[in-house]
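Trainee: Residue numbers (my numbering): 18 to 261. Where a beta carbon is used, it is the ideal one built from N, C-alpha and C, also for glycine.
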Ligand code: DGL
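1) Only counting the same chain, and skipping five residues up and downstream in sequence, which positions put a Cβ closer than 8 Å to that of residue 58?
2) Verify whether the separation of the beta carbon atoms of residue 219 and residue 42 is less than 7 Å.
3) Using a Cβ-Cβ distance cut-off of 7 Å, determine whether residue 119 contacts chain C.
4) Please classify residue 112: is it buried, with 16 or more other beta-carbons within 10 angstroms of its beta-carbon, or exposed?
5) Report yes if the C-beta of residue 157 is less than 6 Å from at least one heavy atom of the ligand DGL; otherwise report no.
6) Quick check: does the Cβ of residue 130 come within less than 6 Å of any heavy atom belonging to the ligand DGL?
7) For residue 174, which residues in the same chain have their Cβ closer than 8 Å to its Cβ, ignoring the five residues on either side in sequence?
8) For residue 19, list the residues DSSP reports as bridge partners.
9) Going by DSSP, which residues form a beta bridge with residue 207?
10) Please indicate yes or no: does the CB of residue 87 lie closer than 6 Å to some heavy atom of the ligand DGL?
11) What distance in whole Å lies between the Cβ atoms of residue 194 and residue 157, which are believed to be in contact at a cut-off of 8 Å?
12) Using only the heavy atoms of the ligand DGL, determine whether one of them is closer than 6 Å to the beta carbon of residue 28.
13) Between which residues of its own chain and residue 139 is the CB-CB distance below 6 Å, once the five residues before and five after are set aside?
14) What runs of the alpha helix (DSSP H), each 4 residues or longer, lie entirely inside the segment 119 to 161?
15) If you follow the alpha helix (DSSP H) that residue 97 is in, where does it begin and where does it stop?
16) Compute the minimum distance between the beta carbon of residue 93 and the heavy atoms of the ligand DGL, and state whether it is under 6 Å.
17) Could you check the C-alpha separation between residue 69 and residue 90 for me, to the nearest Å?
18) Going by beta carbon distance, what residues of the same chain come within less than 6 Å of residue 253, once the five residues before and after it are set aside?
19) Would you report the Cα separation of residue 145 and residue 237, rounded to the nearest angstrom?
20) Go ahead and pull the three-state DSSP assignment for residue 25.
21) Name the DSSP beta bridge partners of residue 213, please?
22) According to DSSP, residue 84 sits in a beta bridge with which residue or residues?
23) Whose C-alpha, out of 244, 97, 122, 108, is nearest the C-alpha of residue 82?
24) In the DSSP assignment, what are the bridge partners of residue 257?
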């Protein structure tokens, strides 16, 4: 089946990688909206406008289903997108919440973008759980080379100090860029369970085996982007620049 996967940038590649690991025999069209990055500080109206252009592009590529590889979009405008489009659209947040419920986790820290944290989606849907919400606005700009990575350690320590203080052992990487900081997060927190939403989405989804394929598009190709994509996917691909 031809599957559309999208995010604001390279974060969604952490999801694509997991989908391809669990469901290699599918045809994927990936779109990273690097021109409009970051999504996590946009208003719902701004986000809806840019995301519709991405979805229209994926539909023009004849995808049969769309996986939102973005916590921000899934937690803020998911219902509006489902109302507008007839193609099935899958939220990455719903799969993660279902997994946390299944594991009966009692204390969890959610690291996410300002938009996801302001939606309080995890807190609302995990009513009996002690949820510590942390907005990490600088992580995405660091990962996408918009802020010097020498500040990485500083921000990791700043954002995660309460997780350490409260000794929380379950940490949801509630933005799909954050698996790219997992090593730094664990270096600071020690032994914690980091939940990768892409992994959860991939193993909790059933897809009938089909033809294999991969196309990866970005709306802005910045220096080093292709190398970053290769590193994340652990394979050599040729990214394509696509205006939307
Ligand atoms: N990777 C996205 C998310 O999961 C978007 C991050 C951003 O562009 O702010 O929230």
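Mentor: The answer reads as follows:
1) On the chain shown, residue 58 is found 41 positions in, with the first residue counted as 1. Within the same chain, residue 58 has close Cβ partners 130, 131, 132, 154.
2) Residue mapping note: residue 219 aligns to position 202 of the chain shown, counting from 1. Residue mapping note: residue 42 aligns to position 25 of the chain shown, counting from 1. At the C-beta level, residue 219 and residue 42 stay beyond 7 Å of one another.
3) Absence of chain C from the displayed structure is noted, only one protein chain being present.
4) Translated into the one-based positions of the chain shown, residue 112 becomes position 95. It is buried - the Cβ of residue 112 has at least 16 other Cβ atoms within 10 Å.
5) Within the chain shown, numbered from 1, the residue matching residue 157 stands at position 140. With a cut-off of 6 Å, the C-beta of residue 157 is classified as near the ligand DGL, since at least one heavy atom of the ligand falls inside that distance.
6) Indexing the chain shown from 1 puts residue 130 at position 113. Yes, Cβ of residue 130 sits closer than 6 Å to a heavy atom of the ligand DGL.
7) Numbered from its first residue, the chain shown carries residue 174 at position 157. Non-local beta-carbon contacts of residue 174 in its own chain, meaning distances under 8 Å to residues more than five positions away in sequence, involve 205 in chain order.
8) Numbered from 1 along the chain shown, position 2 holds the residue referred to as residue 19. Bridge partners of residue 19: 44.
9) Translated into positions along the chain shown, residue 207 becomes position 190. For residue 207, no pairing in a beta bridge is given by DSSP.
10) Position 70 of the chain shown, counting from 1, holds the residue named residue 87. For the ligand DGL, at least one heavy atom lies less than 6 Å from the Cβ of residue 87.
11) By 1-based counting over the chain shown, the position of residue 157 is 140. By 1-based counting over the chain shown, the position of residue 194 is 177. Between the beta-carbon of residue 157 and that of residue 194 there is about 5 Å, and that keeps the pair under the 8 Å contact cut.
12) The residue you call residue 28 lines up with position 11 of the chain shown. Indeed, a heavy atom of the ligand DGL lies less than 6 Å from the Cβ.
13) Numbered from its first residue, the chain shown carries residue 139 at position 122. Within the same chain, Cβ atoms closer than 6 Å to the Cβ of residue 139 are found at 127, 148, the five residues on either side in sequence being excluded.
14) Listed in chain order, the complete alpha helix (DSSP H) runs (minimum 4 residues) inside the segment 119 to 161 are 131 to 136, 138 to 142, 156 to 160.
15) One-based indexing of the chain shown puts residue 97 at position 80. First-last of the alpha helix (DSSP H) with residue 97: 95 to 101.
16) As a first step, residue 93 is located in the chain shown; it is residue number 76 there, counting from the start. With a threshold of 6 Å, the Cβ atom of residue 93 does not count as near the ligand DGL, since no heavy atom of the ligand is closer than that.
17) The sequence position of residue 69 within the chain shown is 52, counting from 1. The sequence position of residue 90 within the chain shown is 73, counting from 1. Looking at the two C-alpha atoms, the distance is approximately 11 Å.
18) Your numbering for residue 253 matches position 236 in the chain shown. If we look at residue 253 and ignore the five residues flanking it on each side, its Cβ neighbours are 247.
19) The residue labelled residue 145 in the question sits at position 128 within the chain shown. The residue labelled residue 237 in the question sits at position 220 within the chain shown. Near 42 Å, if we compare the C-alpha coordinates of residue 237 and residue 145.
20) Translated into the one-based positions of the chain shown, residue 25 becomes position 8. In the structure shown, residue 25 adopts coil according to DSSP, grouped into three states.
21) Looking up residue 213 in the chain shown gives position 196. For residue 213, which the question treats as bridged, DSSP gives the partners 190.
22) Residue numbering aside, residue 84 sits at position 67 when the chain shown is read from its first letter. DSSP output for residue 84 lists 22, 107 as bridge partner(s).
23) If you number the chain shown from 1, residue 82 lands on position 65. Closest option to residue 82, Cα to Cα, is 108.
24) In the chain shown, residue 257 corresponds to position 240, counting from 1. For residue 257, which the question treats as bridged, DSSP gives the partners 234.
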